[in-house]
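Participant:
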Amino acid sequence: MNKTNIVLFGPPGAGKGTQSAFLVERYGLEHLSTGDLLRGEIKRGTELGLRAQELMSAGELVPDVVVVGMIRNRLRERPDAKGFIFDGFPRTIAQAEALDSTLKALGTEITVMLSLEVEEEELVKRLLGRGATSGREDDRSEEVVRKRIKEYHDKTAPLKGYYDAQGKLRPIDGMGGIAAITARLVEAIG
Ligand code: AMP
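Note that my numbering has the sequence shown beginning at 28, numbered continuously upward.
1) With a Cβ-Cβ cutoff of 8 Å, do residue 198 and residue 161 count as a contact?
2) Would the region 149 to 158 and the region 122 to 133 be scored as touching if the rule is three or more Cβ pairs under 8 Å?
3) Quick test of your reading: residue 59 and residue 46, contact by CB under 8 Å. State the CB separation rounded to the nearest angstrom.
4) So, for residue 80: in the same chain, excluding its five sequence neighbours on each side, which residues have a beta-carbon less than 8 Å away from its beta-carbon?
5) Around the C-beta of residue 202, are 16 or more other C-beta atoms found within 10 angstroms, so that it is buried, or is it exposed?
6) So what's residue 153 in DSSP terms, helix, strand or just coil?
7) Within 10 angstroms of its Cβ, does residue 73 collect 16 or more other Cβ (buried), or is it exposed?
8) Nearest CA to the CA of residue 154: which residue from 191, 113, 173, 210?
9) Ordered along the chain, which non-local residues of its own chain (more than five positions away) have a Cβ less than 6 Å from that of residue 75?
10) Could you say which of 208, 37, 95, 100 lies nearest to residue 183 if we only look at CA atoms?
11) For the beta strand (DSSP E) that contains residue 165, what are its first and last residues?
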C-alpha cells in the first residue's frame, strides 16, 4: 500500500500543530506529535514523563531513544493508516535516520518534508502569546522560548539538508494568516 507520509517541519511556533489539524482533516492522515505524546506521559505521571519533564521545561530536547521508541510503537500499531503527519519529529539527524529505517521495514517512506519558514521575532511573539492561554509551561518564559529556538537551529535545522539530499524538501512561507499558510501547504502536497 502506498502511504502519504509528511514531515511537517519548522521551528517552535511555526504553526505545525495548527496546520497538522487541517491536513489530518483534509487527507485523512494520522497525526503523530512527539510533543503531544510526551505531554500525555507527563499528565499520566509515567516514569518516562517524569524524566522528560525536566528537559522540556528547560527547552532542551529529550533523548533520541525516547522519542524514536514512541514513534516506532505508534507506527506499528497503525499498519492500515493511509499515512502519517510527523509534527515535531524528527528533530535530530539520528531521529531522521531511525525514522527512515523504521518506515523502510514497514514498506513505506517519507513522501515530502514541508518546512514552514518563519522569522525569529515572529516565533517569540507567537509562543509567548500562546503561553498566556495554553497552559504550556515552556511557552511562558522568554528564556525557555529562545532556548528552544536555539536547539532548533543547532540540532534540528540541519534536517533540511538531510531531506533535500533525498529531493524531498519543500520550503513553505509560514508568515501571515493561518488560512493562507494552509493553502500553500495544500498546493505543495498537490
Ligand atoms: P513540541 O510540542 O513539539 O514543541 O515539543 C515540546 C518539547 O518536547 C520540546 O521542546 C522537547 O523538549 C520535547 N520534544 C518533542 N519532540 C521531540 C523530539 N522529536 N526530540 C526531542 N525532544 C522532543
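Beta carbons: idealized from backbone N, C-alpha and C, even for Gly.
Facilitator: So, to answer that:
1) no
2) no
3) Not confirmed; about 14 Å, so no contact.
4) 69
5) exposed
6) helix
7) exposed
8) Nearest of 191, 113, 173, 210 to residue 154, Cα basis: 173.
9) 68
10) 37
11) No beta strand (DSSP E) holds residue 165; DSSP gives it neither H nor E.
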